[in-house]
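Student:
Chains as they are written, first to last, in UniProt numbering: chain Z, 1 to 193; chain V, 1 to 193.
1. If the cut-off is 9 Å on Cβ atoms, which residues from the region 132-159 of chain Z count as contacting chain V, listed in chain order?
2. List, in chain order, every chain Z residue whose beta-carbon is nearer than 7 Å to that of residue 168(V).
3. By the 10 Å Cβ neighbour count, where 16 or more other Cβ atoms means buried, how is residue 7(V) classified, buried or exposed?
4. How many Å lie between residue 66(Z) and residue 83(Z) at the Cα?
5. Using only alpha-carbon positions, find the residue among 78(Z), 168(Z), 19(Z) and 93(Z) that is nearest to residue 175(V).
6. List, in order along the chain, the chain Z residues whose C-beta lies closer than 9 Å to that of residue 172(V)?
7. Please report how far the alpha carbon of residue 173(Z) lies from the alpha carbon of residue 153(Z), in whole angstroms.
8. If the cut-off is 9 Å on Cβ atoms, which residues from the region 16-29 of chain V count as contacting chain Z, listed in chain order?
9. Under three-state DSSP, which class holds residue 178(Z)?
10. Let me confirm a value: residue 87(V) is counted as buried when at least 16 other C-beta atoms fall within 10 Å, else exposed. Which label applies?
11. With 16 as the cutoff for other CB atoms within 10 Å, does residue 22(Z) come out buried or exposed?
12. Using 8 Å for Cβ pairs, my map puts residue 18(Z) next to residue 181(Z). What's the rounded Cβ distance?
13. Would residue 4(V) pass as a contact of residue 96(V) if the rule is Cβ separation under 8 Å?
14. Can you tell me which of 15(Z), 10(Z) and 9(Z) puts its alpha carbon nearest to the alpha carbon of residue 132(Z)?
15. Identify the residues that DSSP records as bridge partners of residue 7(Z): which are they?
16. From the DSSP output, in three-state form, read off residue 155(Z) for me.
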């Protein structure tokens with residue numbers, strides 16, 4: 001079987017985004033990153049920076065509830081989610097693409113042509129990788145990783161009612177720190193083709 | 001990196017055992033099945049049938065507690081587990097082998113030469129597979145699968161304090177019903193080599 005869409009759910013610092021980019025290059029697929037944010041901005045009317053920050057994470061203070069108890073209206077998070085969902089469904093329909101994060105695995109779960117992948121890694125490896133990529137900062141790196149993943153997990157749980165680290169949500173789960181980024185790309189390439 | 005030991009944790013009916021056998025053939029590794037039971041029998045003094053039935057599952061009535069409140073003595077389950085653990089550590093030391101189930105991933109977690117794999121599958125696929133392999137029975141197949149996995153999960157949780165379907169316990173998790181048995185074998189072969 002071959003797949004025209006690949007979704008990649010990943011831990012922060014695991015290299016999931018790098019794997020997605022390399023895989024897209026190898027397969028000649030579209031990799032949506034900044035373009036995805038732009039499309040969601042057009043669809044939703046939200047600012048790109050807002051989408052980048054809250055399009056797959058719960059904010060530190062929890063979900064927004066600017067609409068108070070006005071149950072008839074969607075809150076901001078839900079509005080953003082449904083815009084993302086619409087854009088992701090359209091991109092999948094176009095085919096030959098790789099989509100990172102944003103519950104795409106769940107949104108596309110009924111598409112037979114979609115391969116759902118989870119990438120995770122050992123904490124020490126993620127810490128080293130982040131320092132190498134972004135340099136040292138004043139913020140404690142482990143705390144930042146845990147906080148980031150906690151917010152992604154909460155977002156995923158809220159919109160999918162699933163635990164994001166459960167193997168059965170995906171067709172393939174790979175530990176990038178053990179296997180290496182390039183081996184992960186090779187494995188996925190062999191499956192997609 | 002190459003691996004001299006592969007552990008395969010699997011859902012009942014997922015084909016994990018078949019994948020293990022084929023992978024062993026392809027790699028020229030030892031695959032321990034009946035021989036593992038025999039070794040554990042020699043080590044523990046328990047009957048082979050007992051080991052096959054309770055060596056990786058909680059019994060339907062829960063863990064055995066024939067020793068009552070004699071806290072100084074190991075209960076039967078713990079005795080069996082520690083015999084299995086000893087045999088598995090010895091086999092891993094010998095190397096070039098594949099071990100299915102029995103918490104081997106956890107027992108060997110500190111060995112750098114060990115690849116830990118989880119195999120799971122879609123329920124309808126597992127049901128069809130079991131009927132094809134063993135024929136129809138009076139017992140409801142889905143109930144049998146759920147019960148079997150429930151007992152394996154409880155056993156795994158008890159001895160490892162981990163959830164067996166959590167991707168991060170393993171280096172690779174594969175959905176056999178989606179990818180196919182042969183593709184799973186090919187992926188694992190490419191990683192081990």
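The beta-carbon is built from N, C-alpha and C at its ideal position, and this holds for glycine as well. For clarity, every value in this text was computed on a predicted model and none was experimentally measured.
Tutor: Let's see:
1. none
2. For the purposes of this step, residue 168(V) is taken as residue 168 along the second chain, with counting starting at 1. Simply 120 and 165.
3. If you number the second chain from 1, residue 7(V) lands on position 7. Buried, because 16 or more other Cβ atoms sit within 10 Å of the Cβ of residue 7(V).
4. Your numbering for residue 66(Z) matches position 66 in the first chain. Your numbering for residue 83(Z) matches position 83 in the first chain. Unreliable positioning characterises residue 66(Z) in this predicted model, as indicated by a pLDDT of 49, which lies under 50. The coordinate reading is nonetheless provided below. Near 18 Å, if we compare the C-alpha coordinates of residue 83(Z) and residue 66(Z).
5. Looking up residue 175(V) in the second chain gives position 175. Checking every option, the nearest Cα to that of residue 175(V) belongs to 168(Z).
6. Locating residue 172(V) in the second chain gives position 172, counting from the first residue. Within 9 Å Cβ-Cβ: 172, 173, 174, 175, 178, 179 and 187.
7. Residue numbering aside, residue 173(Z) sits at position 173 when the first chain is read from its first letter. Residue numbering aside, residue 153(Z) sits at position 153 when the first chain is read from its first letter. Rounded to whole angstroms, residue 173(Z) to residue 153(Z) spans 16 Å at the Cα level.
8. none
9. Start at 1 with the first residue of the first chain, and residue 178(Z) comes out as number 178. Helix.
10. Here residue 87(V) is taken as the residue at index 87 of the second chain, counted from 1. Counting every other CB atom within 10 Å of its CB across the protein chains shown gives residue 87(V) a total of 16 or more, marking it as buried.
11. Here residue 22(Z) is taken as the residue at index 22 of the first chain, counted from 1. Buried: at least 16 other Cβ atoms inside 10 Å.
12. Taking the first chain and counting its residues from 1, one reaches residue 18(Z) at position 18. Taking the first chain and counting its residues from 1, one reaches residue 181(Z) at position 181. That belief holds up - the Cβ atoms of residue 18(Z) and residue 181(Z) are roughly 6 Å apart, short of 8 Å.
13. As a position in the second chain, residue 4(V) is number 4, starting the count at 1. As a position in the second chain, residue 96(V) is number 96, starting the count at 1. Note that the C-beta distance between residue 4(V) and residue 96(V) is below 8 Å.
14. The count along the first chain starts at 1 and reaches residue 132(Z) at position 132. Checked all of 15(Z), 10(Z) and 9(Z); the closest Cα to residue 132(Z) is 15(Z).
15. Within the first chain, numbered from 1, the residue matching residue 7(Z) stands at position 7. Answer by DSSP bridge pairing, in chain order: 99(Z) and 116(Z).
16. By 1-based counting over the first chain, the position of residue 155(Z) is 155. Residue state, collapsed to three classes: helix.
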